[in-house]
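Worksheet: the structure to be examined is printed underneath.
4 protein chains.
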Amino acid sequence: MSKEKDKVTKKISKIWGGRFYKNASKMMNNFNASIKFDKRLCFQDLELNKAHSSMLADKKIITSNENKKIQKGLKLIENEIKNDKFTFSNQLEDIHMHIEARLTELIGDAGKKIHTARSRNDQVATAFKMFVKEQLIEVEILLKQLQGSLIKQASLHVQTIMPGFTHLQIAQPITLGHHLLAYVEMFGRDRERTLDALKRLNKSPLGAAALAGTSFPIDRVKTSQKLGFSGPMENSIDAVSDRDFVFDALSLASIIMVHLSRISEELILWSSPGFGFVELPETYSTGSSIMPQKRNPDAAELIRGKTGRVAGAFLNVLTMMKGLPLAYSKDMQEDKEAFFDAYDNLVNCLMIAEGLIRELKFRPESMKKMLGLDYATATDLADYLVRECNIPFREAHSITGKIVKFAKKKNLSLEKLKLDELLSIDKRINNSVFKVLSVENSLKSKKSFGGTSPVLVKRALSKAKKKWLS
Amino acid sequence: MSKEKDKVTKKISKIWGGRFYKNASKMMNNFNASIKFDKRLCFQDLELNKAHSSMLADKKIITSNENKKIQKGLKLIENEIKNDKFTFSNQLEDIHMHIEARLTELIGDAGKKIHTARSRNDQVATAFKMFVKEQLIEVEILLKQLQGSLIKQASLHVQTIMPGFTHLQIAQPITLGHHLLAYVEMFGRDRERTLDALKRLNKSPLGAAALAGTSFPIDRVKTSQKLGFSGPMENSIDAVSDRDFVFDALSLASIIMVHLSRISEELILWSSPGFGFVELPETYSTGSSIMPQKRNPDAAELIRGKTGRVAGAFLNVLTMMKGLPLAYSKDMQEDKEAFFDAYDNLVNCLMIAEGLIRELKFRPESMKKMLGLDYATATDLADYLVRECNIPFREAHSITGKIVKFAKKKNLSLEKLKLDELLSIDKRINNSVFKVLSVENSLKSKKSFGGTSPVLVKRALSKAKKKWLS
Amino acid sequence: MSKEKDKVTKKISKIWGGRFYKNASKMMNNFNASIKFDKRLCFQDLELNKAHSSMLADKKIITSNENKKIQKGLKLIENEIKNDKFTFSNQLEDIHMHIEARLTELIGDAGKKIHTARSRNDQVATAFKMFVKEQLIEVEILLKQLQGSLIKQASLHVQTIMPGFTHLQIAQPITLGHHLLAYVEMFGRDRERTLDALKRLNKSPLGAAALAGTSFPIDRVKTSQKLGFSGPMENSIDAVSDRDFVFDALSLASIIMVHLSRISEELILWSSPGFGFVELPETYSTGSSIMPQKRNPDAAELIRGKTGRVAGAFLNVLTMMKGLPLAYSKDMQEDKEAFFDAYDNLVNCLMIAEGLIRELKFRPESMKKMLGLDYATATDLADYLVRECNIPFREAHSITGKIVKFAKKKNLSLEKLKLDELLSIDKRINNSVFKVLSVENSLKSKKSFGGTSPVLVKRALSKAKKKWLS
Amino acid sequence: MSKEKDKVTKKISKIWGGRFYKNASKMMNNFNASIKFDKRLCFQDLELNKAHSSMLADKKIITSNENKKIQKGLKLIENEIKNDKFTFSNQLEDIHMHIEARLTELIGDAGKKIHTARSRNDQVATAFKMFVKEQLIEVEILLKQLQGSLIKQASLHVQTIMPGFTHLQIAQPITLGHHLLAYVEMFGRDRERTLDALKRLNKSPLGAAALAGTSFPIDRVKTSQKLGFSGPMENSIDAVSDRDFVFDALSLASIIMVHLSRISEELILWSSPGFGFVELPETYSTGSSIMPQKRNPDAAELIRGKTGRVAGAFLNVLTMMKGLPLAYSKDMQEDKEAFFDAYDNLVNCLMIAEGLIRELKFRPESMKKMLGLDYATATDLADYLVRECNIPFREAHSITGKIVKFAKKKNLSLEKLKLDELLSIDKRINNSVFKVLSVENSLKSKKSFGGTSPVLVKRALSKAKKKWLS
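Chains A, B, C and D, in that order, are what the protein sequence lines are.
Residues 55 to 524 (my numbering) are what the first sequence spells out, left to right.
Residues 55 to 524 (my numbering) are what the second sequence spells out, left to right.
Residues 55 to 524 (my numbering) are what the third sequence spells out, left to right.
Residues 55 to 524 (my numbering) are what the fourth sequence spells out, left to right.
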């Protein structure tokens, strides 16, 4: 150990000398500055500046002429940013200072007035909220697209028989279409969750100033509406202290990721040689130069692997906000990187999942083959005994167990048993039993609301299309 | 180390012999059984059984007579439980088996029919969902009570001046009432979050059976409505695989706890000798026999200290569900203890917080005294320079900085400076400046929507009362 | 919704009236009291009291006679607790107050002296540390037992061929024994982690008093040694503020749980019908009355499902300690329940895993059958081309790809190809190639240190036995 | 809402058309590629390649001439990277492919041989482990520097009296030096934790190949030692499946961050106007143009605010690894970004904390003043009653309570009370009591090992210097 330690020590010491004592303030600048990540809020900040300046002019806090200059300057800056001609530097801490400083450079004294009747506290909260809002809308749209892919696949597999699992053991036959619609429901709830979050974040902090409000006669209703909010936040201290919108966004992102991780797990299982239920699309898996027959489910694994990352971001922000006194504390600067990282990954995962699912090729024969290995209609037999032979449920179960044991010993499927053999186990059975022993009839019989009978799955599909895709 | 290790080894070995090889199945029984915690679902399971049995009779799946016996049996069990006469045992794994087994004991064969057309998978999901729902309703009510305490305190302190902090440094004067109303907003959002979660969980899994639905002609709409749901879940596989309702409940609980941790932190700070802003009620703090003047903020500390516990429960369930293939897996049994622990603590924290806040005695004189230490109206001076002297914002800031420095050197508050002295720093200042330099005038001037001006705080208070307490 | 809400409101209101206003202090007592969980520290506290009292007598702080009385009283209490005759009550907050109060009841005035020269702060930290230490020792022993089960199974399967997976796709043949030894390494690191934690916690807080030390001439070295510590903690403020030992314990518990979750996942997969690699022991799985052939991997699922619970406990305590000023804060009371819950579950999981693994019955034929489905020796072919035919690695890969494609088209395994056919793809191949194409030869060839060749696995097994089990 | 939604929809749709259907494979490439972050492993990969190639030549697997070419090529690449002339592209997935591809470009066929007898699985694990190791060494060194700053400050304040807090209430007088040494202990444990992690990770995965080992006669001992490891990992499957070294690194990072968050919290409190115990250095705080007297504790707040971020990374990786079957899965690619982000932040926080603490200016007068507000020597009085007047501890407490109450009513400090007054409360008190009532004497009396008496603090300081800084 000691040799490497010496090496590293030397390396650090060099940094030390330079970085620490002489350039402490530069080091601190870098530590403190948020420009490296909050420049992503540039367009939100520009919009905000435009709305704020117009309102200041309307309320005669600045002149109409000053406002014109400001609007023009902001447009120039917008173009500079779009054309990659805007200069970023850690000296100017954050995106808001960058834009204000450049504005003053471009238009002179009028630029120094843009910060009238506001503070960085309400400005940051507003611009970030606008960004989060846009991302939530994007996620809602991506969820819809993902539902679209699932519904399309489900519509191809309304009748496709596959084993339904509990405990990863075969429980009952279901249809693949029915299984895929379960995910449509999950992502449907995620969309509702996203819309709820959007509804809740839709109030603007702008005008709360540092924390107390301002003595200028501003119009918060106007700016909030111009920026697409339904109105201003009620309490100025809450406005600058609150990060609930980040909590909501990260909490729902964590839940979406768990849903994605479940379908990813299934695709990984289903494409593994023990199952062989599905062939992964080339685009969303990785081949091996040496084993061309093999395809690694990289996309599904990466999506599954990112679940903890998004949950970690939620936890990060919860821990950060825990125990913070009102109003703004610098700790809260940590909200942005957590959000950006989580949502960049979430958006990617949703896009990749959409394409991956759209292009899956299922192998119904493998699914059916695995069902043959097991006695998946045993429950149907028990239900038959209850329904047709009036045997109490628990007793029916025990008779069924005996029949399955018998069939297994003879190495026969249930439908291949003879009536005599069945009668030798229980006298009350009659010929109609054979109607429930086949996998197909089992499926057809599951006609309770939400059940797997193909007729119902078809109906559920129409309903889902109408509810989620129109 | 080795001596203790020997001691423990001996202890373990004794357990080993007994516990491991001989009683492995008993050990496994205990590990597997959920009865030790899911007995809390007993009343939900009884209700569920009643509704299920009535529906079975309505649909002629059982006879009306059987149903009567079942209803009677269930009532007997209910009484046994209420009178502590019901026997629990790890042999019968969970509460659902307990009730069914006891029913059969009490009423004979009819009892064996209660499990017709359902499975433990949909039964567990339904009973637990009913429980979660009730807890969410309780939390919403407790949040309202907490808002009530805050609003009551706020109404006593509409005019009470206190320092408003950012970075735990004094920023501007605010009123205590205004500060407390910020929390009313937070807990208001929490109530909305709770109502959203309630809306989203309001569909019943009952009738999904193991995962595929059932061949019995059941009526899921009827049972769902009888149990207070708005209808049945759409997809039977989703119905038994889904734990989104637990995610929603734990996510919102985590957010509430963060809000509670912030007000707790403030009460701990405010009751510490450096602040002295508040006297904690005797009931909610702990005295010292030796220092009767001292009161430890135990209630606030415990609330703050439980934040991570609730967040940990959310994380627990997220991690548990991550990557689970559909449909039910035994892992999901872990959802209940996580929820129970989180909500028991959340409910306690909300009740304690309500009482603690209701009985606080604030010390306005200490608040005002601390304001005197600082130059909290500096921003008002800068705004004055902008508003009245037409000085651009950034320039006004720099002039204000000079004035504060000057005052500090003279050890005077801003309002004690003379006009001459001010003019020596900037000629554009005039006599009207003195209107903005006092803390009282600063407060009054903050008349932007949501601001701290006592007039607005009074108005906000009425609005809050109407919105949240009626 | 509204009807249920009314119902719950009524229920709460009833509680309200009673619980809130009248019994606030009782409610707070219950919230504050730790006796409901810290009574588990009773034996640690008794030991601590004995050691402290003896030292006080040695140092003449109390008389030898008082010490005798105290020792006798403590023994009486020990018996009362062991015989379930000790009364617990929320009135007396914690276990330490219970024991002290009972001591005074039993022996009179001498009991009032036991708390001389210490405080609850150092007492709690010490008793809890003793408890954590014992649990760590237990976990280390359980890990060893678990390694024992794995090594025993590995020794039965040194030669058992199974597919080695990456991405859950078949990569190369390995032996089951080799695979199981990978887990022996993991749990070996966990044992080292546990020993490191034990080493680090092995200093006693006792004598730090409230935070500053004491003016009594106590002997901290003596008490620390009597309690099995290597010595006293260096700094009295650190001694009462520190919960690093809980961090260490929960962090290593989280890592162990992840290891357990991986082997659990494999057992769930391997016992699923797609794999069929293993038969789960009856004791550690659950049968179905209706499908006797089926066995649900409940034990493995529950272990996997508890991973997040333990990680959640670590997170809980990290969040709780975050930002706490020195020295003791009441928040820290939350450390105990988190630890108890995590370690109760960890200990159970380790015991269950040990038994589960010990009694597994593997099915080598299923493992070998799955290997036949794939071209698992393709890498061997490529390595052969490099080694024997001097073809650069990347080129060898591409040739191998062609051969596998060819074989797949012909639906043949690699060893069934003819030399002619191979030569038609690359001239440099010769007859010796057939030595590397069989699964058995592939295995044998992996003789690099740590490789899967049965010879090496046998050697690794001896080494593991010696290193971990002696 | 709907207007913005439309806007965003339009934006997304544009992306959709282009990004999804046409460029799906590009999108997937970006999702899959790790080069954007794993290029940080370039120097580790180069070192690894050098060692591997030399070993291959030593073992005659490649020729000595080929090795020479490879070594030369690797040096060229090293220079290209150092001079920013190396081209990175998502097409070549990761840093390992980049280096290998460039090597072949530079030196031809010999380059194609570098990947002989290894796989990306062992290569990634090894290079990453080397990187983690270096970072752990750096952290250990930074912890030492931080201890250095604390010890330096402590040495200036051996005698500085300050209030010791529990529950953020004043408990007893302590010295500032004593308080700071508590942190030296915490960071000392962190150093030990880091060294333990270094010890545990010090085995090389290289040579495990894909998972099974290799048929080439490689020398794993040699490469492992060349790369600074103590030897090769024992089991090839474990070698590529294991990420325990990341767990260890992130767990200890989380614990360090909690320690840093505690001292940050104290600095934030101490620099707030209610305390005024410390003046923050200009470099590590942010002034306000408008309130020059104010300094925001930005550095301390940011450090505190990053605690959850690092804990989130640990949780992320735990969740990611949970339930992964052996051996390598693509999910594991997520380990790197989590680690990089956590350690970049940890290293920054340690550096900033070191400088911040080094340059603090404490204000002893404010500390002493706050002590005067309270009855911090009450415990000393109680101990006196026990020690000198032979009053049992619990009784002494109650007498002290009466005296404090009396003094408070008279608004006097304890030392200002007259003997008469004391005697009126308890007859057993005598004149010697006044020796224990002053803060100075209280401090002096705390002579138990580890206590706050200045004599002991001085001794502890020497010990700490010797133990931690030499």
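Glycine residues also receive a C-beta, built at the ideal position from the N, C-alpha and C atoms.
All of these numbers come straight from a predicted model, not from anything done at the bench.
Amino acids of chain A, ordered along the chain, whose beta-carbon sits closer than 8 angstroms to that of residue i
i	result
GLU449(B)	LYS166
ILE322(C)	HIS221, LEU222
7 angstroms Cβ cut-off: residues of chain C touching residue i
i	result
ASP352(B)	ASN86, LYS384
Delimiting residues of the beta strand (DSSP E) encompassing residue i
i	result
GLY127(D)	It is not in any beta strand (DSSP E) - GLY127(D) instead sits in the alpha helix (DSSP H) that spans 118-136.
ILE309(B)	That residue, ILE309(B), is in no beta strand (DSSP E); its alpha helix (DSSP H) goes 298-324.
GLY218(B)	215-220
GLN223(A)	223-229
Amino acids of chain D, ordered along the chain, whose beta-carbon sits closer than 7 angstroms to that of residue i
i	result
TYR338(A)	MET82
Assigned exposure category for residue i - 16 Cβ within 10 Å defines buried
i	result
GLY71(A)	Bear in mind that the predicted position of GLY71(A) carries a pLDDT of just 45, short of 50, making it unreliable; the figure below should be weighed with that in mind. Exposed, by the Cβ-count rule.
ASN484(D)	exposed
GLY341(C)	exposed
GLU120(C)	buried
PRO271(C)	exposed
Closer than 8 angstroms to chain D by CB, residue i
i	result
LEU102(A)	no
VAL440(B)	no
GLY377(C)	yes
CB contact below 8 angstroms: residue i versus chain B
i	result
GLN387(C)	yes
Residue span of the alpha helix (DSSP H) that contains residue i, given as start and end
i	result
GLN279(C)	274-280
ARG412(C)	389-412
PHE329(B)	Neither: PHE329(B) is in no alpha helix (DSSP H) and is coded neither H nor E.
Short CB-CB distance (under 8 angstroms) between residue i and chain C
i	result
GLN226(D)	yes
SER358(B)	At residue 358(B) the sequence reads Arg, which differs from the Ser that was named. So yes, ARG358(B) belongs to the interface.
LEU427(A)	yes
ILE309(D)	yes
Closer than 8 angstroms to chain A by CB, residue i
i	result
GLU132(D)	no
LYS415(B)	no
SER79(D)	yes
Spatial neighbours of residue i in its chain, beta-carbon cut-off 7 angstroms, leaving aside the 5 residues before and after
i	result
SER486(B)	GLU442
LEU400(D)	VAL193, ALA307, ILE310, MET311, VAL364
Same chain, Cβ closer than 8 angstroms to residue i, neighbours up to 5 away in sequence not counted
i	result
VAL332(B)	LEU321, TRP324, SER325, LEU414, LYS415, PHE416, ARG417
PHE394(D)	PHE91, ARG94
Chain-ordered chain B contacts of residue i [CB-CB under 7 angstroms]
i	result
LYS462(D)	GLN347
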